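In the numbering used here, the protein residues as written are 2 to 250.
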Ligand code: MF3
Ligand code: CO
């Protein structure tokens, strides 16, 4: 069941997502060769707690950290560790908080030092796919319009969209209906309505769309060990069109 939100609830979801955006902004500046991924996790938790927000992922289905840090062929749900980031890596940071009854959730992929032209293009296309999807998040459109827009951008650039993980509604719960796939057919799916809040989150692979999960039970990696990127925004559908709640305006 899709839960529609009143304007006041959307303001609360915006407050949560503003914290997420601020934390991701600070983390991005810390991404440099020599930094460990556990440093970023600790930093994310501290920054959230300073703002009286609770890291949303810690304890969620037993997830043991505050931040998901996915490097290179890691798609999502990478576990922070003593791994040292090196120039040429790309790193996806996925972070969420719970604040005053509502969740916020967003993700970015950033280059570590100088990266290959192909890695930079993967990051650009993934972010562009997210923005193409967001543009379709308006009342009267269908869910498939978002999915098809993301998929079109990604596949016309020669990359592939992950099927096994999808975006989601967000509000009083981290994951609400509907599921928001990054592949689909324009004009299909549920009708989008004012008051829906969606976390749109393309996961885009350089090679095959196929993924597998490592033995740690969490880390999703590309089946061909090629690169993957991930961007996510929480987006409200308002009478004036899509509003990105997880951006620093
Ligand atoms: N942003 C991720 C999502 O939307 C959250 C990671 S899930 C967790 O599903 F289990 F790691 F918390
Ligand atoms: Co999400």
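All C-beta atoms in this analysis are idealised placements derived from N, C-alpha and C, irrespective of residue type, glycine included.
Remember, predicted model here, so these are calculated numbers, not experimental data.
Quick check on the DSSP output: the beta strand (DSSP E) that includes residue i runs from which residue to which?
| i | result |
| --- | --- |
| residue 238 | 234 to 239 |
| residue 168 | 168 to 170 |
| residue 205 | 204 to 206 |
| residue 193 | Unbroken run through residue 193: none, as it is neither H nor E. |
| residue 214 | 212 to 214 |
| residue 223 | 221 to 223 |
| residue 75 | 75 to 77 |
| residue 89 | That residue, residue 89, is in no beta strand (DSSP E); it is neither H nor E in DSSP. |
| residue 245 | 242 to 245 |
| residue 179 | 177 to 181 |
List the residues that DSSP assigns as beta-bridge partners of residue i.
| i | result |
| --- | --- |
| residue 23 | Bridge partners of residue 23: none, in fact. |
| residue 255 | Residue numbering for the chain in the displayed model covers 2 to 250; residue 255 lies beyond these limits and cannot be assessed. |
| residue 229 | 206 |
| residue 9 | According to DSSP, which records beta bridges pairwise, residue 9 is partnered with nothing at all. |
I'd like to confirm something about residue i: is its beta-carbon nearer than 6 Å to some heavy atom of the ligand MF3, or not?
| i | result |
| --- | --- |
| residue 95 | yes |
| residue 62 | yes |
| residue 160 | no |
| residue 241 | no |
| residue 69 | yes |
| residue 250 | no |
Hey, could you find the ends of the alpha helix (DSSP H) residue i is sitting in?
| i | result |
| --- | --- |
| residue 135 | 118 to 136 |
| residue 152 | 144 to 157 |
| residue 38 | 38 to 51 |
Would you check whether the ligand CO has a heavy atom nearer than 6 Å to the C-beta of residue i?
| i | result |
| --- | --- |
| residue 202 | yes |
| residue 128 | no |
| residue 106 | yes |
| residue 233 | yes |
Segment contact, 8 Å Cβ cut-off, at least three pairs: the segment 98 to 106 with the segment 115 to 124: No, the segment 98 to 106 is not in contact with the segment 115 to 124.
Meets three-Cβ-pair contact criterion under 8 Å: the segment 142 to 158 and the segment 120 to 133: Two segments are said to touch when three or more pairs of C-beta atoms, one from each, lie closer than 8 Å; by this definition the segment 142 to 158 touches the segment 120 to 133.
Validate contact between the segment 229 to 243 and the segment 6 to 20 using beta carbons, cut 8 Å, 3 pairs: Yes, since at least three Cβ pairs between the segment 229 to 243 and the segment 6 to 20 fall closer than 8 Å, the two stretches touch.
Contact between the segment 31 to 39 and the segment 51 to 58 (3+ Cβ pairs under 8 Å): Taking 8 Å as the limit for Cβ pairs, the verdict is that the segment 51 to 58 does not touch the segment 31 to 39.
Three CB pairs or more closer than 8 Å across the segment 160 to 172 and the segment 194 to 205: Taking 8 Å as the limit for Cβ pairs, the verdict is that the segment 194 to 205 does touch the segment 160 to 172.
The segment 69 to 86 / the segment 34 to 44 touching (three or more Cβ pairs under 8 Å): For the pair of segments examined, the segment 69 to 86 was found to touch the segment 34 to 44: the number of CB pairs separated by less than 8 Å reaches three.
Touch test, the segment 128 to 145 against the segment 242 to 249, Cβ-Cβ under 8 Å, three pairs minimum: A contact is defined here as three or more CB-CB pairs under 8 Å, and the segment 128 to 145 meets this definition with respect to the segment 242 to 249.
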